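Residue numbers (UniProt numbering), protein chains in the order written: chain A, 1 to 342; chain B, 1 to 342; chain C, 1 to 342; chain D, 1 to 342.
Shown next, in the form of structure tokens:
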């Protein structure tokens, strides 16, 4: 059986990544693509790498028909997303890739995003989209909120450890290295090739990155008490990939055991042999997440290092994984593409 | 039906690319992998990006069994390849990715590769693997010789023009820009990141690149007279991609028409709208080839620009396309993966 | 003796490169910096890599005093430049890095830049800034028009050959590969890291690049007859560097001899041993230009390959070299910085 | 006055960087260059970017005369360095860039480098080359041991804090991101462009990196008690630069104050305004080190982030700074080159 899907905000990188993945998905058909500033253009004009596909022309959201659509991927900017989604037909399954429905507490949303949420009722309904930990709820959901890409990476490293009670909750540091596509196709000086290539630096320092809202919400929920991690992202000169080096305190055997148990049956999350460190190069353009566990020479200190592709497992691949669940399809369908190396 | 395939020389980039592509091919199963210097290792140890796959352990060629194998991909270095292939069971279908069986004239082989061919009889049998132009022969062949990646790119731009008689055969210049994976996983100083990144240069200048042997053979055969092009490759700081800017003399309408007619029905070769130039970014990690045609301001001068991924359409993707034909499978099976962008 | 200089348009890449070079120039002192959109900021805020220098705060041009200023570098966009320069005090020595005063014929300016020139009288006075070929005029000039960076590269390869009459003037092809800083610090989608890195393509194809105006003017003047070359620029994923592969017809000995003779005494232009090809990596961040000469296997065909750094020899280094001449300083002063490798 | 210097091991990256810097140093003249595997070649053959310089031909160390040489830079691999240096004339001033004389305790050397030291007496004499903290000793020294590049970066961030007693000595984490030239011009698979570009990963994990020997020695000496930091280096796809994100516990004002006081008069080390994070892009190819201090949202947690160029301030620039002191020259002579951006 084939399901019809539409993608709102198809002119950005996560939109293009969705199209790339769906292109070889056996059960999904793209019947609508929106991109307000590019309405009237073909996808081949906006993303020439997709020119071999037979795709609908880009339209405005207003001009899009949702008749016969089974599921909508919403790849719009935050704030815009909540407005658009609250106006969609209520029977539609929706996977939102923006930040708008990730935080269950409206006060937290306002704190991190600087303005009140305009669709508070829907915010309550939304299921947090970290598939491996919300599988049942996602299967039943009408609205799934895709996670932040950095937030996903940190959680893959830490959730099983917090759940198992094997680390000190007050001494968690996430030093994260992110590639540039996570910033989107935005015209900003610091995203220019000449500014970024051959250099790297920390950004959103001091605990100001918005994905901390997700860390706080999720880790506190898992722990049953407030957990506030340190989180410093860095921008590195690469296009795809996130590497989170997470510094924790605990027993390395217990830590390795908790991760190994949590992911033993997972198709996309792999715990490497003890002592091995993952590389973003080894999961690029795929839906896989690699996790390494290394004991430091300082007793009781452990590094958990997680690597994933921000556009795939961190965003559009995750969205498709969730869509598969929502539509009753095999969770891995269309997502077993091998990483691209070199 | 599933066919069993083996890959000889699986520890190089073209070997890894074959595994990547076959990983989601519905009708092929990898039953043997050789890598003499890495025998005994798993593919996950040699190429950690393939660790999610259930693959045979690497063996030596000597230890590999070909019972039940339907087709062998041979991704060995030239000179080695001819020795190995001449020792394989004669009923096996073989796609060779090396240079060993590309040149039909043993004298030409010796001229470009510096020593006599040791399997001259097989060399005669081999079919040149540029799929779109040798489709029927390939379907019937036991031994297909994959083309050089640069040679493929130049031929996609030029073969239809030579065949149609629309360009001056004595004034053809191929200025080619190649990414570094074409040089393989070799430990050479000029392939180091620190040496290559942020710089670029011509190499094999003056008409010394071995792929000229293929150009001479093929273009002369198409033209029915000797054709000797100028060919200058450049190494650019990227991992995948070849861009050939081909300077020809002729009428732009005739040139565009000849290319358009030649590729109108081809699933993998696309002629862009007139005046548009392709980018390697738009075909990366895919089996597609994009061709642009642009008239110069100088009357009667035309640029034909072809872009493809050296590891996919230029090598392992081509090999798989040929294997599909040899096995009676749909030619595009497993090869419709969309390019990876950004 | 120290000369006071001002830089107009100091917030762009060529402005920053001027500051970098002047920072260790023994005879120049920067007394004024303009950057209209950044007026009021320090250079450390606009270019943190310059924070160790004691520099004037950025002002608007209107607020800048030219009292005591000996020479002005004007690194403004074209069209803006002519307006600003025509309003400067007439005794000032000016080195303009824009395109505004490169073309002596106002009709040519209008043809290539799309609108009439607004300072035609000054345009006539301006000396073309290709130092090695206009040394005497530059020494006496009040207004020097810096060349296009691509235009400089092509001319270093070709001027001596045209002057010596050793090549066919009707068969000249310049296939040029340019790094991205040549496009400036502009917020354009195609200059983003995610769009450019790992890919490359031709642009301004078909003889539409504006630097052709310079080629036409200069080559025709040298030849004493109209010369119209083919010129196809490509954008490659690097920040600095231009490599021009120039295809000519003539005798390789005569060609090598003409270049060797022309540059034998030049401090910044080096002809490599015959058959060697230059790399942009070997002149990066320096004022040097390397030229290689290679005979093709096709008789009578020769490649002349020139490499320089677009921001240094192609722009700000050239500007400083000209300023040295205009101020009576040694031509090489402050410019002998060695290339940065790796 | 001009001093004569020789460089042993001039065919590696630190050797080439020394030549680059000395090229515009007003008081030093290179009179000898060794490179055993390249003996007989010119530097232009080994490093074409240096071809504009008039340099001695490379010789073996055995063939080099030290008559009239005032100072030797030794850029040889560790283990080799101690053998060569112990055989040099004893009056020579020597700056060693290898690891051989960094660790004062022979047992520590053996622990980290895997074999006994063969020149223990000289090891005791050697002065540790972190200029800002050993200035007086270096001025008097005959043998200065250049620091590890990572070790330098971490120490710039931490020494003043340990000395001032403003941080918890038992909770120090150095998460370091290093560019690839720090690994030298070695033919290793993981240093290939195709392997490194577009990916990044931790290496030498778990407290196994040899520069920990320097951290232990120096931090313990400053603290007057054993200090053992956590240190995890990462390899990022860039050629030059080290960024150390150091996680400490203490009061941000005290921390900022200690750093500010320590470096207020230093010509090469700059503490950025509070809350600003440095970028490797802003110190590239220069001898500057930028340090940022940021308070985390978690009370009492602070990040100190240090950036420098591994080949310059981390190695050859440091060596030259020390040589200046040893020769009685101004410490900054030849080292005020501005960073290269973009």
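From the three backbone atoms N, C-alpha and C, an ideal C-beta is built for every residue, glycine too.
Since the model is a prediction, treat every value here as computed from it, not as a measurement.
- Remark: C-beta atoms of residue 298 of chain A and residue 255 of chain A do not approach each other more closely than 8 Å.
- Counting the other CB atoms within 10 Å of its CB gives residue 54 of chain B a total below 16, which places it among the exposed residues.
- With a threshold of 8 Å between beta carbons, residue 19 of chain D makes no contact with chain B.
- Listed by position along chain C, the residues whose Cβ is nearer than 9 Å to that of residue 270 of chain D are 51 and 52.
- Short of 8 Å from the beta carbon of residue 324 of chain D, and not among the five residues preceding or following it, lie these beta carbons of its own chain, in chain order: 330, 331, 332, 333, 334 and 335.
- Within the same chain, 106 come within 8 Å of residue 120 of chain D by CB-CB distance, once the 5 residues on both sides are set aside.
- Of B:131, B:141 and B:240, the smallest CA-CA separation from residue 147 of chain B is found for B:131.
- By the neighbour-count criterion, in which 16 or more other beta carbons inside 10 Å mark a residue as buried, residue 264 of chain B falls on the exposed side.
- Beta-bridge analysis with DSSP links residue 74 of chain A to A:8 and A:96.
- Close partners of residue 180 of chain A in chain C (Cβ separation under 9 Å): 192, 193, 194 and 197.
- Boundaries of the alpha helix (DSSP H) harbouring residue 258 of chain B: 252–263, taken from the DSSP string.
- With the criterion set as a beta carbon lying under 8 Å from some beta carbon of chain D, the members of the region 236–262 of chain A are 236, 237, 238, 239, 240, 241, 243, 245 and 247, in sequence order.
- For residue 125 of chain D, the closest C-alpha among the options D:96, D:235 and D:19 is that of D:96.
- Per DSSP, residue 79 of chain A lies in no alpha helix (DSSP H) segment and is marked neither H nor E.
- Per DSSP, reduced to three states, the secondary structure at residue 63 of chain B is coil, with no helix or strand assignment.
- For residue 196 of chain A, the CB contacts under 8 Å within the same chain, skipping 5 residues up- and downstream, are 180, 190, 235 and 237 in chain order.
- Residue pairing for residue 289 of chain D: DSSP places it in a beta bridge opposite D:269 and D:308.
- The beta-carbon of residue 282 of chain D is placed less than 8 Å from the nearest beta-carbon of chain C.
- By the Cβ criterion, the region 28–45 of chain C is in contact with the region 64–73 of chain C, since at least three pairs of Cβ atoms, one from each stretch, lie closer than 8 Å.
- If you check each beta-carbon in the region 210–233 of chain C against every beta-carbon of chain B, the ones closer than 7 Å belong to 228, 230 and 232.
- For residue 219 of chain D, the enclosing alpha helix (DSSP H) stretches over residues 211–223.
- With a cutoff of 8 Å on beta-carbon distance, residue 283 of chain D and residue 339 of chain D are scored as near each other.
- Annotation for residue 136 of chain D: no beta strand (DSSP E) segment contains it, though the alpha helix (DSSP H) segment containing it runs 135–140.
- DSSP places residue 146 of chain D outside both helix and strand once states are collapsed to three, so it counts as coil.
- The C-beta of residue 308 of chain A comes no closer than 8 Å to any C-beta of chain C.
- Secondary structure note for residue 30 of chain D: its beta strand (DSSP E) is the uninterrupted segment 28–34.
- Within the same chain, and ignoring the five residues on either side of residue 51 of chain C in sequence, the residues whose Cβ sits closer than 7 Å to its Cβ are 44.
- Taking a Cβ-Cβ threshold of 8 Å, the residues of chain C close to residue 187 of chain A are 187, 188, 189 and 192, in chain order.
- Distance from the CA of residue 245 of chain A to the CA of residue 194 of chain B, rounded to the nearest whole angstrom, comes to 25 Å.
- Taking C-alpha positions only, residue 118 of chain D is separated from residue 188 of chain D by approximately 27 Å.
- With respect to the 8 Å criterion, residue 177 of chain B and residue 243 of chain B are classified as neighbours on the basis of their beta carbons.
- When CB distances to chain D are screened at a threshold of 7 Å, the residues of the region 291–302 of chain A falling below it are 294, 295, 296, 297, 298 and 301, in chain order.
- Taking all protein chains shown into account, residue 135 of chain D has fewer than 16 neighbouring C-beta atoms within 10 Å of its C-beta and is therefore exposed.
- Proximity to residue 280 of chain A across A:57, A:90 and A:240 peaks at A:240, based on C-alpha coordinates.
- Its chain contains 311 and 316 as the residues whose beta carbon lies nearer than 6 Å to that of residue 17 of chain B, once the 5 sequence neighbours on both sides are disregarded; these appear in chain order.
- Here the alpha carbon of residue 247 of chain C sits roughly 10 Å from the alpha carbon of residue 175 of chain B.
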